Amino acid sequence: MSTTNRFVLVDETGRIYDRTGVSVELSEQDGGLTLKVFVKPTTESAEAKARHLTRLSEDLKP
């Protein structure tokens, strides 16, 4: 079982999707031509949420 609880999607402009407290399931479809990512919320402690919000606010500072 993985202990990963954060999913970040980055494109050429930077971070476009960032969620903490989630589980991620990958599904390859169409003979390998399509990769679907299913992101589902999990129970998360208030401390983990606070750490994420602090990190995110630091990332957004000019």
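Everything in the sequence shown is counted per this note's numbering, starting at -19 for the first residue and increasing by one. Cβ coordinates follow ideal geometry from the N, Cα and C atoms, glycine included. Computed from a predicted structure; not experimentally measured.
- Judged by DSSP in its simplified three-state form, Gly12 adopts helix.
- Here Lys29 carries a helix assignment [DSSP, helix/strand/coil].
- Closest in C-alpha terms to Arg(-14), from the list Ser37, Glu38, Lys41, Ala28, comes Ala28.
- In the same chain as Pro21, and ignoring 5 residues on each side of it, the C-beta atoms closer than 7 Å to its own belong to Gly1, Val2, in chain order.
- Put simply, the backbone Cα of Thr14 is about 14 Å away from that of Glu5.
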